[in-house]
Amino acid sequence: MSIQNNKLSPVEKIKIASDGLRGTLKESLMDDFTGAIREDDQNLIKFHGIYQQDDRDRREERVAKKLEWLYSFMIRIRLPGGLLTPQQWMGLHEIAGVHATGTIKITTRQTIQLHGVLKSHLKPSLQAFNLQYLDSMAACGDVNRNVTCTSNPSESPLHQQVYELAGKISDMCLPKTKAYYEIWIDDEKLAERKKEEDPLYQDRYLPRKLKIGIAIPPNNDVDVFINDIAIIAVIGADKILGYNIAAGGGLGSTHGNNATYARLASMLGFVDTEQKLLKAVYEIITVQRDFGNRSDRKLARLKYTIDRLGVDRYVKEVEKRCGFSFQPAKAFKFNQRKDRYGWTQNHEGKCFYTLFVEHGRVLDEKDYPLKSGLLKIAESLKANFRFTCNQNLILSDIHPDDKPEIDQLLKSYGISDYTEKASALRKNSVACVAFNTCSLALAEGQRYLPVLVTKIEPLLEKYGLLQEDISIRMTGCPNGCGRSPNAEIGFVGTAYGRYNLHIGGDRLGMRLNTRYKENIDEEEILKTLDELFGVYIKQRRAEENFGDFSYRWLQISK
Ligand code: SRM
Ligand code: SF4
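The numbering of the sequence shown is full-length UniProt numbering, which starts it at 1 and goes up by one.
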């Protein structure tokens, strides 16, 4: 049943020849003549959670001066479930300032990235993270990535159990090579070579990246169905009865390549114990390892393997390897995907404050010293820091006696004010990084969506829609990092200042949107949205949200 991978893609050869992901990374790091690393190592360093990038705003200037591009690196931390202690936040704050641009970026997968780390600062950064018990192992590369899980703890007393499950899955799926410690931490003891057999990844790793998310209904704040493996906890009588497992989600596509597409995960079935869940996840991965496309990386994600084999065949192979069968999936219902802003209290009486961080960028701006405020809160040691897949931050696990102190800090740094005053549209917006660091960006993402939202707000106000929870997302290219294919209003960059406009996605993340207008500029975006909002308020049904209305409207106007 395995496909013929006669012609392996170049990355496959690099992985196999890499000696457990070591390649010539040590030599690349020692080369003082360039800010870059060797070409093959650029592929391998991703498995260590690092991307080589350059400042795309400064390419022309560098070329004019006959200098090489201004290379630097992005570090992505592995943080299953997205939780940092206040001490770790303080460490992160320090590392961001000393070794990177200073900005802390909360990502759409519940973790953080630092940008602009020069080659000579990579090792000191990872060593500093190591002192905080943090690493960037397998945060990128053809392996399992950061495991996400429902972040709003007030949803359910079972949150802690699911958070721990995310950690167990992450540990189970870590590559066994000790290259990370050998290269970055210099820990020779840990780097003993003999313990390196890797039954999960072998020496070829996966054909492509793999993502796992866990949702606890009724909250789908993780956008669970966009993951290669989507796990939904099934709750009954305040207990987890088991897990529905779906597979084959993924949002990336390539302009002009119809063989590529965004897809939501297909339901495989239900398992009634955590042990069976872990086994099933493991074997879903081994089937993808053995059957995934290793010649064309554009068609290598698990979603394409599932579509090629068919869901039934994929499930049969997984069940054969597991030694048990899936039960039919159990019923579940989501009723929200957004973050619950402001103060909440959980079953133990602990307090949580969810603050809006526009596109996850934590920095000090002239009128808004967010980063300093968060440092002060961390220094109080009275709140943990939890990240959401909507790029926001939850100050968590606060004792009720400490709430007034945290509340006062939130007020004095303008943080609660900022969260409360932002419009619903802005608080439901997500954008990817794009320029100036992303090498794949065709258009702006996080630097432009805030500006565009400011121009869309008056349109919504005109129609009395300003407080509608419409999800709006922008990505600088069709890779979907800001999950634009899964929004009610999605923008996908085509060229500088131009986007495809997608509509008709549902509010809960269960239906992808559809391309409505192609390659339009700001003027046409605003004109089109103005028209759409106008039709919406005239023709919507009772309780019909914008996503469902535009989906229906697209069918009618075909
Ligand atoms: Fe992503 C590649 C940023 C979430 C689909 N993504 C990239 C790179 C590394 C560009 C590159 O390959 O050189 C971007 C780095 C930009 C930068 O300068 O930081 C990048 N992706 C991001 C982040 C930081 C966006 C954000 O603003 O939060 C997110 C980091 C997540 C994390 O912490 O692990 C991020 N990326 C996603 C998501 C959303 C999700 O997982 O929830 C997706 C869509 C889901 C999916 O995987 O299909 C996503 N990123 C991609 C793809 C398309 C993959 C595909 O199957 O086609 C690429 C390109 C690739 O892999 O070749 C990509
Ligand atoms: Fe870069 Fe495209 Fe991802 Fe945006 S969607 S971060 S432009 S790869």
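Beta carbons: idealized from backbone N, C-alpha and C, even for Gly.
Does the distance between the C-beta of A215 and the nearest non-hydrogen atom of the ligand SF4 fall short of 6 Å? It does not: the Cβ of A215 is nowhere closer than 6 Å to a heavy atom of the ligand SF4.
Pairwise C-alpha distance: M74 and V11: Between the C-alpha atoms of V11 and M74 there is a straight-line separation of about 20 Å.
Given a threshold of 16 other Cβ atoms within 10 Å of its Cβ, counted over all protein chains shown, does D31 qualify as buried or as exposed? Counting of Cβ neighbours within 10 angstroms places D31 among the exposed residues, the total staying below 16.
When we look at the beta-carbon of E182 and count the other beta-carbons within 10 Å, is it buried (16 or more) or exposed? Classification for E182: buried.
Specify, as a first and last residue, the run of the beta strand (DSSP E) that S429 falls within. Unbroken beta strand (DSSP E) run through S429: S429 to A431.
If you run the structure through DSSP and keep just helix, strand and coil, what is I77? Three-state result, I77: coil.
Separation of L370 from D364, as counted between CA atoms: Looking at the two C-alpha atoms, the distance is approximately 5 Å.
Which residues bound the beta strand (DSSP E) around V271? For V271, the uninterrupted beta strand (DSSP E) run begins and ends at S266 to V271, by DSSP.
Just to check, is the beta-carbon of I245 closer than 6 Å to a non-hydrogen atom of the ligand SRM? Outside the cutoff, so no.
Leaving aside the five residues before and after L210 along the sequence, list all residues of the same chain whose C-beta is less than 6 Å from its C-beta, in chain order. Cβ within range, chain order: N144 and D228.
So is K558 buried or exposed if we call it buried at 16+ other beta carbons inside 10 Å? Looking at its Cβ environment, which holds fewer than 16 other Cβ atoms inside 10 Å, K558 is exposed.
Any heavy atom of the ligand SF4 within a distance shorter than 6 Å of the CB on C389? No, the beta carbon of C389 sits no closer than 6 Å to any heavy atom of the ligand SF4.
Assigned secondary structure, residue 562 (DSSP; H/G/I helix, E/B strand, else coil): Nothing about residue 562 can be read from this structure; the chain reaches only from 1 to 558.
Tell me the DSSP bridge mates of H502? Note: H502 is bridge-paired with G490 and R515 in the DSSP secondary-structure output.
Might you give, ordered along the chain, the residues of its own chain that have their beta carbon closer than 7 Å to the beta carbon of L251, omitting 5 neighbours on each side? These residues qualify, in order along the chain: I226, A262, G480, R483, P485 and N486.
Have a look at the DSSP bridge pairing and note the partners of A230. G213 and A246.
Quick check: is any heavy atom of the ligand SF4 less than 6 Å from the C-beta of V224? No, the ligand SF4 has no heavy atom inside 6 Å of this Cβ.
Do E358 and P458 have their CB atoms nearer than 7 Å? In this structure, P458 does not lie closer than 7 Å to E358 by Cβ.
Which residues bound the beta strand (DSSP E) around K105? Per DSSP, K105 belongs to the beta strand (DSSP E) from I104 to I106.
Which one of D54, N519, L8 and G91 has the shortest CA to CA distance from F385? Taking the Cα of F385 as reference, the smallest distance to any Cα among D54, N519, L8 and G91 is reached at G91.
Checking 7 Å against the spacing of the C-beta atoms, do C140 and K46 come in under that value? Contact flag set, yes.
Backbone CA spacing between A64 and L165 [nearest angstrom]: Rounded to whole angstroms, A64 and L165 show a C-alpha spacing of 52 Å.
Can you tell which of D19, I415 and A331 has the C-alpha that lies nearest to the C-alpha of I245? Answer by Cα proximity: A331.
Taking only runs that begin and end inside the segment 409 to 444, name each unbroken beta strand (DSSP E) of 3 or more residues, in chain order. Taking 3 residues as the minimum length, the beta strand (DSSP E) runs contained wholly in the segment 409 to 444 are 429 to 431, in order along the chain.
P328: buried (16+ other C-beta within 10 angstroms of its C-beta) or exposed? Flag for P328 reads exposed.
Considering just the uninterrupted stretch of the alpha helix (DSSP H) at W69, what are its terminal residues? No alpha helix (DSSP H) contains W69, which DSSP labels as neither H nor E.
Using a 10 Å radius around the Cβ and a threshold of 16 neighbouring Cβ atoms, would you call G490 buried or exposed? If you draw a 10 Å sphere on the C-beta of G490, you find 16 or more other C-beta atoms in it, and that means buried.
What would DSSP say about L83, mapped onto helix, strand or coil? Secondary structure of L83 (DSSP, three-state): strand.
Own chain partners of S325 with C-beta closer than 6 Å, once the 5 adjacent residues on each side are dropped: E319.
Three-state class that DSSP yields for R386 in the structure shown: In the structure shown, R386 falls within a strand segment according to DSSP collapsed to helix, strand and coil.
With 16 other Cβ atoms within 10 Å as the buried cut-off, status of S170: It is buried - the Cβ of S170 has at least 16 other Cβ atoms within 10 Å.
Report the residue from G464, Y496 and L465 whose alpha carbon sits nearest the alpha carbon of G476. Taking only the C-alpha atoms, the option nearest G476 is Y496.
Between C149 and I104, is the Cβ-Cβ spacing less than 7 Å? At a Cβ-Cβ threshold of 7 Å, C149 and I104 do not count as neighbours.
Find the nearest neighbour of I112 within the set S120, F129, K119 and P124, judged by alpha-carbon distance. Nearest to I112 by alpha-carbon distance, out of S120, F129, K119 and P124, is F129.
Count the other C-beta atoms from every protein chain shown that fall within 10 angstroms of the C-beta of K26, then say buried if there are 16 or more, exposed otherwise. With fewer than 16 Cβ atoms within 10 Å of its Cβ, K26 is classed as exposed.
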